[in-house]
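Okay, structure first, notes after.
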Amino acid sequence: MALTGMDIFKQLPKTNCGQCGIPTCLAFAMKLAAGGASLEQCPSVSEEAKALLSEASAPPMRGVTIGEGDYALKIGEELVMYRHEKTFFNPPGYALLIEDTDDPAAVDSKLQSLKDTVYERVGQTLRANLVAVKNTSGDAGKFADMVKKVASAIEYPLVLMAEPAAIEAAFVSADIKKPLLYAATAANVDAMAEIAKKYGAPLAVKPASLDELGDLTTKLDGMGLKDLVIDMGTRTLKETFQNLIFTRRAALKKKMRPFGYPTITFPAEETADDMMETVHAAVYTIKYGGVMVLKDLSPEKAYALFVLRQNVYTDPQRPMQVDQGFYPINGANEESPILITTNFSLTYFIVSSEIEGSKMPVWLGIVDTDGLSTLTAWAAGKFVPERIAAFITKSDILDKVKHKTVVIPGYVAQISGELEEELQGWKIVVGPREAADIPSFLKSFQPVMA
Ligand code: SF4
Numbered sequence: 001m002a003l004t005g006m007d008i009f010k011q012l013p014k015t016n017c018g019q020c021g022i023p024t025c026l027a028f029a030m031k032l033a034a035g036g037a038s039l040e041q042c043p044s045v046s047e048e049a050k051a052l053l054s055e056a057s058a059p060p061m062r063g064v065t066i067g068e069g070d071y072a073l074k075i076g077e078e079l080v081m082y083r084h085e086k087t088f089f090n091p092p093g094y095a096l097l098i099e100d101t102d103d104p105a106a107v108d109s110k111l112q113s114l115k116d117t118v119y120e121r122v123g124q125t126l127r128a129n130l131v132a133v134k135n136t137s138g139d140a141g142k143f144a145d146m147v148k149k150v151a152s153a154i155e156y157p158l159v160l161m162a163e164p165a166a167i168e169a170a171f172v173s174a175d176i177k178k179p180l181l182y183a184a185t186a187a188n189v190d191a192m193a194e195i196a197k198k199y200g201a202p203l204a205v206k207p208a209s210l211d212e213l214g215d216l217t218t219k220l221d222g223m224g225l226k227d228l229v230i231d232m233g234t235r236t237l238k239e240t241f242q243n244l245i246f247t248r249r250a251a252l253k254k255k256m257r258p259f260g261y262p263t264i265t266f267p268a269e270e271t272a273d274d275m276m277e278t279v280h281a282a283v284y285t286i287k288y289g290g291v292m293v294l295k296d297l298s299p300e301k302a303y304a305l306f307v308l309r310q311n312v313y314t315d316p317q318r319p320m321q322v323d324q325g326f327y328p329i330n331g332a333n334e335e336s337p338i339l340i341t342t343n344f345s346l347t348y349f350i351v352s353s354e355i356e357g358s359k360m361p362v363w364l365g366i367v368d369t370d371g372l373s374t375l376t377a378w379a380a381g382k383f384v385p386e387r388i389a390a391f392i393t394k395s396d397i398l399d400k401v402k403h404k405t406v407v408i409p410g411y412v413a414q415i416s417g418e419l420e421e422e423l424q425g426w427k428i429v430v431g432p433r434e435a436a437d438i439p440s441f442l443k444s445f446q447p448v449m450a
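Anchor point for the sequence shown: position 312 equals 312 in full-length UniProt numbering, and the numbering is continuous, going up by one each time.
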């Protein structure tokens, strides 16, 4: 049973030293009980108390990492039901389903497409995360051959969907690091647990009922296997969605440890319609899928999922921002105009899209305004002459252009005089108020060369 704030408080040093970042031990204890703090934050807690408090200090949902290195995927460790309560932390992974009965040439083509389906958006790389290899043939040798083929073609971590003997054969034939083993059931749990232990791999559990879920995860936890992923076994959108909400609620609100693991879902097995498969994955991206296995991750469908995931998993308390700096657009050169705006990502995308559409080479200067848009940043004192001038003078833009003219957004025309005073020797030009007017402005504007 979860400990209360008072139970935790009794075990703390009660010095109110504040080193945990919270002013008093009592406030820290309350926060820890609510899952909003980690016991590691208190440097003074005794080892004895640590052992006693381990239950309370563990996150209500365990974080599980699949794979190793740059492509490893961490899922779970979520603290809230609703994104606006705090944020969601670990974005779910999309897995492409490959069956060992698939035509080898088709597999090559699918994997190449998966590798090529990578997008840059707001400074982040968007891509799929895993390949799930399924032993459809029932032949362990054939499964091992397909796992070897996939592992040598792509670095993404794997989900191995097979019975224990075939999974063991795959480990023998290929060098695979920490794949997700799918799945332990009441019938094969001991054999699966043995392989998971032997190879240090995370393990999915697939119970026949909610009661059996508790039995399986409790048994595996007792065997020292902590990195578990839940598949509730349902294969309809409605039931899977209900179960995702139920397990998340049980883990976070009821503190039921046997349910406190991330999930895996199978849109690929829920519908034969490729478009509906994307819709199912989108629903589970919003609530509360950990891994989604799909048979179609073609670029247009993948892009919709990637952008949805990116938006759901941004911190709602922090606006999406672009890094401060000068961005060359359309092959900007030393004669190209300099336009300045704020680092609110939406502002950046609207302005940069209009510039790109104009086909005119431009240096777009992005000032760090803590993610605020132009007028809001100006009103908050973050897009003001001193700050803009400091950004320009500390940058190396004068190594890149041979003029000293900067264009500011029309919405902050009022700062042009003051900015000219701050930026001695520079000419300040007031640009259009609306981004849509930038292309026509650029057609008739040319900075005067030094
Ligand atoms: S660091 Fe530990 S002892 Fe200090 S206030 Fe926080 S909980 Fe109390």
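Virtual Cβ for every residue (Gly too), placed ideally from N, Cα, C.
Determine the closest residue to Lys-301 out of Leu-225, Pro-207, Ser-46 and Tyr-94, with distance taken between C-alpha atoms. In the sequence shown, the residue the question calls residue 301 occupies position 301. If we check each option's Cα against that of Lys-301, Tyr-94 comes out closest.
In the DSSP output, what is Gln-310 paired with across the bridge? The sequence position of residue 310 within the sequence shown is 310, counting from 1. Looking at the DSSP assignment, Gln-310 forms no beta bridge with any residue, so it has no partner.
Quick one: Cα of Tyr-199 to Cα of Leu-12, how far? In the sequence shown, residue 199 corresponds to position 199, counting from 1. In the sequence shown, residue 12 corresponds to position 12, counting from 1. Roughly 38 Å separates the two Cα atoms.
Alpha carbon of Cys-20 to alpha carbon of Lys-295, nearest angstrom: Within the sequence shown, numbered from 1, the residue matching residue 20 stands at position 20. Within the sequence shown, numbered from 1, the residue matching residue 295 stands at position 295. Cys-20 and Lys-295: Cα-Cα distance of roughly 46 Å.
What ranges does the alpha helix (DSSP H) occupy inside the UniProt domain "4Fe-4S" (1-59), keeping only unbroken runs of at least 4 residues that lie completely in it? 5-11, 25-33 and 47-57
For Arg-249 and Thr-285, the rounded distance between their alpha carbons: Start at 1 with the first residue of the sequence shown, and residue 285 comes out as number 285. Start at 1 with the first residue of the sequence shown, and residue 249 comes out as number 249. Roughly 16 Å between the two C-alpha positions.
How far does the alpha helix (DSSP H) with Leu-364 in it extend, from its first residue to its last? Position 364 of the sequence shown, counted from the start, is the residue given in the question as residue 364. Premise fails: Leu-364 lies in the beta strand (DSSP E), 362-367, not in any alpha helix (DSSP H).
Quick one: using the 10 Å Cβ neighbour count with 16 as the cut-off for buried, is Glu-270 buried or exposed? In the sequence shown, counting from the first residue as 1, residue 270 sits at position 270. It counts as buried.
Rounded to whole angstroms, how far is the Cβ of Phe-445 from the Cβ of Pro-328, which I believe are closer than 8 Å? Stepping through the sequence shown from its first residue, residue 445 is reached at position 445. Stepping through the sequence shown from its first residue, residue 328 is reached at position 328. Not a contact, Cβ separation roughly 17 Å.
Measure the C-alpha to C-alpha separation of Leu-97 and Ala-186 and round it to an integer number of angstroms. Position 97 of the sequence shown, counted from the start, is the residue given in the question as residue 97. Position 186 of the sequence shown, counted from the start, is the residue given in the question as residue 186. Spanning the two alpha carbons is a distance of roughly 24 Å.
Considering only C-alpha positions, which residue in the set Phe-89, Gln-242, Thr-240 and Leu-213 is nearest to Leu-228? Residue mapping note: residue 228 aligns to position 228 of the sequence shown, counting from 1. Cα-wise, what sits closest to Leu-228 is Leu-213.
How should Tyr-82 be labelled, buried or exposed, when 16 other C-beta atoms within 10 angstroms of its C-beta is the threshold for buried? Residue numbering aside, residue 82 sits at position 82 when the sequence shown is read from its first letter. Burial call: exposed.
Length-filtered (3 minimum) beta strand (DSSP E) runs lying within the stretch 141-209: 158-161, 180-184 and 203-205
Using three-state DSSP, classify Met-276 as helix, strand or coil. As a position in the sequence shown, residue 276 is number 276, starting the count at 1. In this structure, Met-276 counts as helix in the three-state DSSP scheme.
Among the candidates Leu-111, Ala-208, Phe-306 and Lys-443, whose CA atom is the shortest distance from the CA of Arg-127? In the sequence shown, residue 127 corresponds to position 127, counting from 1. It is Phe-306.
Counted within 10 angstroms of its Cβ, other Cβ atoms place Thr-347 as buried (16 or more) or exposed: Within the sequence shown, residue 347 is the residue found at index 347, counting from 1. Flag for Thr-347 reads buried.
Measuring alpha carbon to alpha carbon, tell me which residue in Ala-29, Ser-373 and Tyr-119 is nearest Lys-14. Translated into the one-based positions of the sequence shown, residue 14 becomes position 14. When only C-alpha atoms are compared, the closest one is Ala-29.
Here's a check: name, in chain order, each residue in its chain whose Cβ is nearer than 8 Å to the Cβ of residue 469, leaving out the five neighbours to either side. Absent from the structure is residue 469, since the part of the chain shown begins at 1 and ends at 450.
Inter-stretch contact (C-beta, 8 Å, three-pair minimum) for the stretch 74-90 and the stretch 139-149: no
Establish whether the CB of His-84 and some CB of chain D are separated by less than 7 Å. In the displayed structure, chain D is absent; only one protein chain is listed.
Looking at the structure shown, is Val-412 part of a helix, part of a strand, or coil, going by DSSP? For the purposes of this step, residue 412 is taken as residue 412 along the sequence shown, with counting starting at 1. Val-412 falls in the helix class under three-state DSSP.
Buried or exposed (CB count within 10 angstroms, at least 16 for buried), Thr-236: For the purposes of this step, residue 236 is identified with residue 236 of the sequence shown, where counting begins at 1. With fewer than 16 other Cβ atoms within 10 Å, it is exposed.
Return yes when the C-beta of Thr-15 is under 6 Å from any heavy atom of ligand 1, and no when it is not. Here residue 15 refers to the residue found at position 15 of the sequence shown. Under cutoff, so the answer is yes.
By Cβ distance below 6 Å, which residues in the same chain neighbour Val-401 in space, the five residues on each side in sequence not counted? As a position in the sequence shown, residue 401 is number 401, starting the count at 1. The residues are Glu-334.
Does the beta-carbon of Ser-46 have 16 or more other beta-carbons within 10 angstroms, so that it is buried, or is it exposed? Counted from its first residue, the sequence shown places residue 46 at position 46. When all chains shown are included, Ser-46 counts as exposed.
Under the criterion of a Cβ to heavy atom distance below 6 Å, does Phe-259 qualify as lining ligand 1? Mapped onto the sequence shown, residue 259 falls at position 259. Not under cutoff, so the answer is no.
DSSP three-state call for Pro-316: helix, strand or coil? For this step, residue 316 is matched to residue 316 along the sequence shown. Coil.
In the DSSP assignment, the beta strand (DSSP E) including Tyr-82 goes from what residue to what residue? What you label residue 82 is simply residue 82 of the sequence shown in a count that begins at 1. No beta strand (DSSP E) holds Tyr-82; DSSP gives it neither H nor E.
Reference Asp-116, options Met-6, Leu-297 and Pro-43, closest by Cα: In the sequence shown, the residue the question calls residue 116 occupies position 116. The candidate whose alpha carbon is nearest that of Asp-116 is Leu-297.
Of all the options Leu-52, Ile-264, Gly-410 and His-280, which has the alpha carbon lying nearest to the alpha carbon of Ile-438? Translated into positions along the sequence shown, residue 438 becomes position 438. Nearest C-alpha to Ile-438: Gly-410.
Ile-420 versus Gly-365 - alpha carbon distance: Locating residue 420 in the sequence shown gives position 420, counting from the first residue. Locating residue 365 in the sequence shown gives position 365, counting from the first residue. Residue identity check: residue 420 is Glu in the sequence provided, not Ile. The alpha-carbon atoms of Glu-420 and Gly-365 are separated by roughly 17 Å.
Relative to the C-alpha of Pro-267, which candidate in Asp-175, Arg-257, Tyr-261 and Thr-278 has its C-alpha closest? Mapped onto the sequence shown, residue 267 falls at position 267. When each option's Cα is compared against that of Pro-267, the closest is Thr-278.
Compute the distance between the beta-carbons of Thr-263 and Leu-244, then report whether it is under 7 Å. Taking the sequence shown and counting its residues from 1, the one referred to as residue 263 is at position 263. Taking the sequence shown and counting its residues from 1, the one referred to as residue 244 is at position 244. Their beta carbons are under 7 Å apart, which means Thr-263 touches Leu-244 by this criterion.
Same chain, Cβ closer than 7 Å to Gln-310, five either side skipped, listed in chain order: Numbered from its first residue, the sequence shown carries residue 310 at position 310. So the qualifying residues of the chain are Arg-121, Gln-124 and Leu-126.
Can you give me the C-alpha to C-alpha distance between Ser-352 and Thr-265, rounded to a whole angstrom? Mapped onto the sequence shown, residue 352 falls at position 352. Mapped onto the sequence shown, residue 265 falls at position 265. Distance between the alpha carbons of Ser-352 and Thr-265: 38 Å.
Buried or exposed for residue 456, please, with buried defined as at least 16 other CB atoms from any protein chain shown within 10 angstroms of its CB. Here the chain covers residues 1 to 450 and nothing more, so residue 456 does not appear.
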